[in-house]
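This report refers to the structure that appears directly beneath it.
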Amino acid sequence: MVTRRNFLTGAGTGALALGAGVVSRIAAAAIPEAALQSSAATQAPLSPPNGRPYNPVVTLNGWTLPWRMKDGWKEFHLVAEPVVREIAPGMQANLWGYNGQSPGPTIEAVEGDKVRIFVTNKLPEHTTIHWHGQRLANGMDGVGGLTQSHIKPGQTYVYEFQLRRAGTFMYHPHADEMVQMAMGMMGFFVVHPKDPKLMRVDRDFCFLLNAYDIDPGAYTPKVNTMLDFNLWTWNSRAFPGIDPLVVRTNDRVRIRVGNLTMTNHPIHLHGHEFEVTGTDGGWVPKSARWPEVTTDIAVGQMRAVEFIANEPGDWAFHCHKSHHTMNAMGHSVPTMIGVEQRDLADRIGKLLPDYMAMGSKGMADMGEMEMPLPDNTLPMMTGQGPFGAMEMGGMFSTVKVRDDVSPGDYKDPGWFKHPPGTVAQRWDAPAPAAVQAPANPSSNTANPTLLNLKRGGTRHEH
Ligand SMILES: [Cu+2]
8 MVTRRNFLTG AGTGALALGA GVVSRIAAAA IPEAALQSSA ATQAPLSPPN
58 GRPYNPVVTL NGWTLPWRMK DGWKEFHLVA EPVVREIAPG MQANLWGYNG
108 QSPGPTIEAV EGDKVRIFVT NKLPEHTTIH WHGQRLANGM DGVGGLTQSH
158 IKPGQTYVYE FQLRRAGTFM YHPHADEMVQ MAMGMMGFFV VHPKDPKLMR
208 VDRDFCFLLN AYDIDPGAYT PKVNTMLDFN LWTWNSRAFP GIDPLVVRTN
258 DRVRIRVGNL TMTNHPIHLH GHEFEVTGTD GGWVPKSARW PEVTTDIAVG
308 QMRAVEFIAN EPGDWAFHCH KSHHTMNAMG HSVPTMIGVE QRDLADRIGK
358 LLPDYMAMGS KGMADMGEME MPLPDNTLPM MTGQGPFGAM EMGGMFSTVK
408 VRDDVSPGDY KDPGWFKHPP GTVAQRWDAP APAAVQAPAN PSSNTANPTL
458 LNLKRGGTRH EH
């Protein structure tokens, strides 16, 4: 594992030790410094200090890579390296990523920009970067063995291309792909339209769907897992580690979501309808959009959704596969609903004083109970809301819509203050007797239940 300290020392010596034949001649003179991020918190959007103007995105629990302008080229420097990523408070993972984090920083530029991206490999094995969705010269496509030689450990390669269309793209290795993506190597590449007024929104968020298989108590993902992942993450963060998406009432909001897991994710927003306005292939024409509250995002796809945030509140926003809003530990627990465990628990308790029977009445109590867990393990479902345990994990966050948020302010405003009389509440009255529903509603035959209802005996009305 590379610590922060020896990474920093390594960065200097690595840059000096570059092979002369590797970097293109135009660029060999000076490689831009590689910016490093040590925090997993959402960073403020990076307003472009030079070049064409654009409206920057906000990378959820992530950041945008700074660049330098050189002779009309935007120059970026990505460093592929081992990183320690906090998945949520209380759990860290040994991943591979770029510039200190997994996923790597978002690259932002403008349609028509010429970009030069230096990639330094500080991994123990070779890598490449594929610019998923971009139109470029075939030799810049980053497929190891097919369109270029692999970038060996210690080497730096340079990619150069002009951004031919606006849109939302991804980047990831095309070398030992199963391992390198299972270890967290991926990032977003947003190309803004030349005209900053085109498709303009007030808030523009982006995140990648990713998944890990990390045994409870372990730190390093199992890289050969094909489907049975146990940590479902957005930008390598699991609830309650995912920041809320903070918006101002009546903002037009875009959320760009890319899927680099091994399964599809139906992403669902509460309280609002949205439209899919963009895919990896470009903007969706207005006439081709339809309203949704859930959009399924297949493997290798990106979907940009847009909506007007006109319902104040804390709106759940999550993957609709219920196993994906749950952390490790939950997936192999046997169903114990209806199983009387008291005798068993008493007997086992004599041997193992800490033994706890679970699940006889469902698993909701696991959201609240303080179970002993191995170190570095997130509870299966967790999170405290203003009304109690939220019983969530994994791919879950909230869209917080507030009247009193300033433009450009993304900090968590706390829990929603509900107007009086707008919260579901306990109805404190005796429950009526259960009645049999009519067996055959199309028939008019006298039915004791209907007669009973007509007499008003058991119907309960408020
Ligand atoms: Cu999912």
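All residue numbers in the sequence shown are consecutive under this note's numbering, ending with 469.
Note that the Cβ used here is the ideal one computed from N, Cα and C, for glycine as well.
If you're wondering where the values come from, they're calculated on a predicted model, not measured in any experiment.
By the 16-neighbour rule on beta-carbons within 10 angstroms, Lys424 is exposed.
Taken atom to atom, the span from the alpha-carbon of Cys213 to that of Val65 is near 6 Å. Thr113 is positioned such that its CB atom lies closer than 7 Å to that of Phe195.
In the DSSP annotation of this structure, the continuous segment of the alpha helix (DSSP H) that includes Gln187 starts and ends at 184 to 189. Relative to the non-hydrogen atoms of ligand 1, the Cβ of His331 comes within a distance shorter than 6 Å of at least one. For the pair Ala218 and Phe246, the CB atoms are not nearer than the 7 Å cut-off. At a cut-off of 6 Å, the beta-carbon of His275 does not count as near ligand 1: no heavy atom of the ligand is closer than that. Given a length threshold of 3 residues, each whole run of the beta strand (DSSP E) inside the stretch 110 to 145 is given here in chain order: 114 to 117, 121 to 128, 137 to 139.
Here Asp202 is not near Leu170, since their CB atoms are 7 Å or more apart. His327 is a Cβ neighbour of His275, given a cutoff of 7 Å. When secondary structure is reduced to three states using DSSP, Arg354 falls in the helix class.
At least 7 Å separates the beta-carbon of Arg310 from that of Val254. Boundaries of the beta strand (DSSP E) harbouring Leu216: 210 to 219, taken from the DSSP string.
Taking Gln308 as the centre and dropping the five residues before and after it, the same chain places the C-beta of Gly265, Asn266, Thr286, Asp287 closer than 8 Å to its C-beta, in chain order. When Leu85, Gln99, Gly289 are compared, the shortest CA-CA separation from Thr163 is found for Leu85. A distance criterion of 6 Å places the beta-carbon of Cys326 in contact range of ligand 1, judged by its closest non-hydrogen atom.
Distances from the CB of Met192 to the heavy atoms of ligand 1 are all 6 Å or more.
With contacts defined as CB atoms closer than 7 Å, Val90 and Gln99 fail to qualify as a contacting pair. In the structure shown, the three-state DSSP call for Met269 is coil.
Less than 7 Å divides the Cβ of Trp103 from the Cβ of Met192. DSSP places Lys81 within a strand segment (E or B) once states are collapsed to three. Note on Arg210: 16 or more other CB atoms within 10 angstroms of its CB, so buried under the neighbour-count rule. Note: Ile158 is bridge-paired with Thr134 in the DSSP secondary-structure output. Around the beta-carbon of Thr429, fewer than 16 other beta-carbon atoms lie within 10 Å, marking it exposed. The beta carbon of Pro414 is closer than 8 Å to those of Asp209, Arg255 in its chain, skipping five residues each way along the sequence. DSSP, read as helix, strand or coil, puts Ser329 in helix. Glu282 is positioned such that its CB atom lies no closer than 7 Å to that of Arg261. If you draw a 10 Å sphere on the C-beta of Pro273, you find fewer than 16 other C-beta atoms in it, and that means exposed. Short note on His272: C-beta closer than 6 Å to some heavy atom of ligand 1. Judged by beta-carbon spacing, Gly248 lies within the 7 Å limit of Ala95, meaning their Cβ atoms are closer than that value. Placement of the Cβ of Met309 at a distance of 6 Å or more from every heavy atom of ligand 1 is found. In the structure shown, the three-state DSSP call for Ala295 is helix. Using a 10 angstroms sphere on the CB of Asn68, the tally of other CB atoms reaches 16 or more, which defines it as buried. Taking C-beta atoms as the reference points, Val412 and Leu252 fail to come closer than 7 Å. Taking all protein chains in view, the Cβ of Pro292 is surrounded by fewer than 16 other Cβ atoms within 10 Å, so the residue is classified as exposed. Short note on Met402: C-beta closer than 6 Å to some heavy atom of ligand 1.
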